[in-house]
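Colleague: Residue numbers (the working numbering), protein chains in the order written: chain L, 16 to 238; chain Y, 16 to 238. Even for Gly, the Cβ is constructed at its ideal location relative to N, Cα and C.
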DNA sequence: AAAATCCTTACACGCACTGTAAGTGGTCTT
DNA sequence: AAGACCACTTACAGTGCGTGTAAGGATTTT
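1. To the nearest whole angstrom, what separates the beta carbons of residue 111 of chain Y and residue 125 of chain Y, a pair I think is in contact under 8 Å?
2. Just tell me which of L/25, L/229, L/214 and L/121 has its CA closest to the CA of residue 48 of chain L.
3. Closest to residue 18 of chain Y by C-alpha separation, out of Y/123, Y/131 and Y/83, would be which residue?
4. Considering only residues of the same chain and omitting the five flanking positions on each side of residue 29 of chain L, which have a CB-CB separation below 7 Å?
5. Enumerate in chain order the residues of its own chain whose CB-to-CB distance from residue 140 of chain Y is below 6 Å, with the five nearest sequence positions on each side excluded.
6. Please work out which residues of its chain come closer than 7 Å, Cβ to Cβ, to residue 230 of chain Y, disregarding the five sequence neighbours upstream and downstream, and give them in chain order.
7. With DSSP as the reference, please indicate the residues paired to residue 16 of chain Y in a beta bridge.
8. What residues in the segment 100 to 114 of chain L bring their beta carbon closer than 8 Å to a beta carbon of chain Y?
9. Quick one: residues in its chain with C-beta nearer than 8 Å to the C-beta of residue 191 of chain L, no 5 flanking neighbours on either side, listed in chain order?
10. Give me the subset of the segment 125 to 138 of chain L whose CB atoms are less than 7 Å from a CB atom of chain Y, sorted by chain position.
11. What residue does the beta strand (DSSP E) around residue 113 of chain L start on, and which one ends it?
12. Anything in the segment 49 to 83 of chain Y with a Cβ closer than 8 Å to a Cβ of chain L? List those residues in chain order, please.
13. Look up residue 76 of chain L in the DSSP assignment and say whether it is helix, strand or coil.
14. Please report the distance separating the alpha-carbon of residue 60 of chain L from that of residue 52 of chain L.
15. Would residue 234 of chain Y pass as a contact of residue 178 of chain Y if the rule is Cβ separation under 9 Å?
16. Are there 16 or more other CB atoms within 10 angstroms of the CB of residue 200 of chain L, so buried, or fewer, so exposed?
17. Ends of the beta strand (DSSP E) at residue 199 of chain Y?
18. Mapping DSSP to helix, strand and coil, what is residue 233 of chain Y?
19. Under three-state DSSP, which class holds residue 68 of chain Y?
20. Classify residue 84 of chain L as buried or exposed, calling it buried when 16 or more other Cβ atoms lie within 10 Å of its own Cβ.
21. Between residue 224 of chain Y and residue 212 of chain Y, how many whole angstroms is the CB-CB distance? I'm expecting something under 8 Å.
22. Determine which residues share a DSSP beta bridge with residue 222 of chain L and list them.
23. Residue 87 of chain L versus chain Y: which residues are under 7 Å apart at the beta carbon?
24. Measuring CA to CA, which of Y/217, Y/42 and Y/56 is closest to residue 82 of chain Y?
25. I need the DSSP call for residue 57 of chain L, collapsed to helix, strand or coil.
26. Quick check on residue 162 of chain Y - is its C-beta less than 9 Å from some C-beta in chain L?
27. I want to see whether chain L comes within less than 9 Å of residue 121 of chain Y, judged by CB atoms only; does it?
28. Counting C-beta neighbours from all protein chains within 10 Å, is the total for residue 226 of chain Y 16 or more, i.e. buried, or is it exposed?
29. Here's the rule I'm using: 16 or more other beta-carbon atoms within 10 Å means buried, otherwise exposed. How should residue 136 of chain L be labelled?
30. Using a Cβ-Cβ cutoff of less than 6 Å, which residues in the same chain neighbour residue 219 of chain Y once the five nearest sequence positions on both sides are dropped?
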């Protein structure tokens, strides 16, 4: 069953939405602590977020960006203002849909189903500049094709990608690959890093791995 | 560069759209033979199709369904009628977006970018009941997780899925797995089929393989 | 120049996938 | 009912890819 989170400050509307979605067979959670929306959503990790723009504590736009920066939960923006400016802002922030109140029940349900369908299979995918990485099998989707990474290379890329742009210490990488290994053989890590770099150069990737002497490695956009 | 196909009978509108999209950096193809829209789209296989509803020869709805049945090209419906009924019909036919004329330039461009982004990585994916199959690596996405199929099992499932519901002769399966093999060892195929069945029973799949004595195999929904 | 760190390359081990082969069970024909 | 045919299962051995080890070269730091 798909899980939908609702962030809406008008209680009447929230209740109505909740009832409607539950009748459709969704599991629904209403978030009511508007000061901790982002944290709660990231904790719940729903299949979809229904997000109102006009909130008491913080703008829905800000929340949308925060969530999109730290996860890939699809977001459907709800708003009473029918302004193109809002829609542009929302979609540029990474929102997946935009619906104006008053909404028609059928339209809303269709849009929800549409977004959920689009996200099918994208559940445990990591998004990088110009590519996607499936965390289950370490399949790399890039430029219309797909490549299967060896497990170790996949785990390394995954770990670097989760901390994109910042230096990741070698111990963390070792832990990610071998699981809190006691005897961290830094040479083994080194070899696997070389291998990953090699497979990456054979692909049209926009990122590269750089090393920070004595500390660890970093993933960043190619110059 | 992303390739967009336009199907629009009002020449003025088509030219305007084409110019606008090209200025944005898309490759654009206008389809003008309205009696062969489906065939041309399937031949071109664009990254996105802009489809008008009111066409001289055939309804855009019909075209949308035909295309969706035979490919996974994303479709963005353009219409001058702003009727909820149309929108519901369109989305139920598998259309990915729905925009009413007169459109605002920014809104249209955003929606296009949005759909293209959603389809990232879904280029060579096959869609089955409740799952997706990547044709490059034979990664199976089901129920929020992903599993990597062995190459042979993947090829068999791929071939069966392309002819879902109909019987696939054993020769065709052999060809798909070993490539027009002269000495088709039907036993080898048999063993690989058994293996595929086994991995499928270990997954929450809604389909099953049945055998047609003396002919071949068929993929169908579980009873 | 020496030391430390990073990188490359080659080699051998192991595991998963594969085809072969032999044997079982079911189904159709006569 | 019996035999022929086809579908299925299982076990085994070969192969290839991914892996860690090890040794040596390259680059930066002291």
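Modeller: Straight from the coordinates:
1. For this step, residue 111 of chain Y is matched to residue 96 along the second chain. For this step, residue 125 of chain Y is matched to residue 110 along the second chain. The pair is not a contact, with the Cβ atoms about 14 Å apart (cut-off 8 Å).
2. Stepping through the first chain from its first residue, residue 48 of chain L is reached at position 33. In terms of Cα proximity to residue 48 of chain L, the closest of L/25, L/229, L/214 and L/121 is L/25.
3. In the second chain, the residue the question calls residue 18 of chain Y occupies position 3. Out of Y/123, Y/131 and Y/83, Y/131 has the C-alpha closest to the C-alpha of residue 18 of chain Y.
4. Residue numbering aside, residue 29 of chain L sits at position 14 when the first chain is read from its first letter. Cβ within range, chain order: 21, 23 and 45.
5. Taking the second chain and counting its residues from 1, the one referred to as residue 140 of chain Y is at position 125. Within the same chain, and ignoring the five residues on either side of residue 140 of chain Y in sequence, the residues whose Cβ sits closer than 6 Å to its Cβ are 147 and 149.
6. Translated into the one-based positions of the second chain, residue 230 of chain Y becomes position 215. Closer than 7 Å at Cβ, skipping near neighbours: 182 and 184.
7. As a first step, residue 16 of chain Y must be located in the second chain, where it is residue number 1. Bridge partners of residue 16 of chain Y: none, in fact.
8. Here the close residues are 102, 103, 106, 107 and 111.
9. Taking the first residue of the first chain as 1, we reach residue 191 of chain L at position 176. For residue 191 of chain L, where only same-chain residues beyond five positions count, the Cβ hits under 8 Å are 170, 171, 173 and 174.
10. 125, 129, 133, 135, 136 and 138
11. Counting from 1 along the first chain, the entry for residue 113 of chain L is found at position 98. Residues 112 to 115.
12. From the segment 49 to 83 of chain Y, no residue has a Cβ closer than 8 Å to chain L.
13. Here the question's residue 76 of chain L lines up with position 61 in the first chain. Helix.
14. For this step, residue 60 of chain L is matched to residue 45 along the first chain. For this step, residue 52 of chain L is matched to residue 37 along the first chain. Between the alpha carbons of residue 60 of chain L and residue 52 of chain L lies a distance of about 12 Å.
15. Position 219 of the second chain holds residue 234 of chain Y. Position 163 of the second chain holds residue 178 of chain Y. Cβ atoms of residue 234 of chain Y and residue 178 of chain Y: closer than 9 Å.
16. Along the first chain, read from residue 1 onward, the residue named residue 200 of chain L stands at position 185. Burial call: exposed.
17. The residue given as residue 199 of chain Y occupies position 184 in the second chain. Counting along the chain, residue 199 of chain Y falls outside any beta strand (DSSP E), and DSSP gives it neither H nor E.
18. Here the question's residue 233 of chain Y lines up with position 218 in the second chain. Here residue 233 of chain Y sits in strand by DSSP.
19. What you label residue 68 of chain Y is simply residue 53 of the second chain in a count that begins at 1. In the structure shown, residue 68 of chain Y sits in coil (DSSP, three-state: anything other than H, G, I, E or B).
20. As a working note, residue 84 of chain L is residue 69 in the first chain. So residue 84 of chain L ends up on the exposed side.
21. Position 209 of the second chain holds residue 224 of chain Y. Position 197 of the second chain holds residue 212 of chain Y. Confirmed, Cβ separation roughly 6 Å.
22. Counting from 1 along the first chain, the entry for residue 222 of chain L is found at position 207. Answer is L/236, bridged to residue 222 of chain L.
23. Position 72 of the first chain, counting from 1, holds the residue named residue 87 of chain L. Residues of chain Y passing the Cβ test: none, with the nearest at roughly 12 Å.
24. On the second chain, residue 82 of chain Y is found 67 positions in, with the first residue counted as 1. Cα-wise, what sits closest to residue 82 of chain Y is Y/56.
25. Translated into the one-based positions of the first chain, residue 57 of chain L becomes position 42. In the structure shown, residue 57 of chain L sits in a helix (DSSP, three-state: H, G or I).
26. Counting from 1 along the second chain, the entry for residue 162 of chain Y is found at position 147. It does: the Cβ of residue 162 of chain Y has a partner Cβ on chain L nearer than 9 Å.
27. Sequence index remark: in the second chain, residue 121 of chain Y carries index 106 (1-based). Yes - at least one Cβ of chain L is within 9 Å of the one on residue 121 of chain Y.
28. Taking the second chain and counting its residues from 1, the one referred to as residue 226 of chain Y is at position 211. Burial call: exposed.
29. In the first chain, residue 136 of chain L corresponds to position 121, counting from 1. With 16 or more Cβ atoms within 10 Å of its Cβ, residue 136 of chain L is classed as buried.
30. The count along the second chain starts at 1 and reaches residue 219 of chain Y at position 204. Once the five neighbours on either side are set aside, the close Cβ partners of residue 219 of chain Y are 158.
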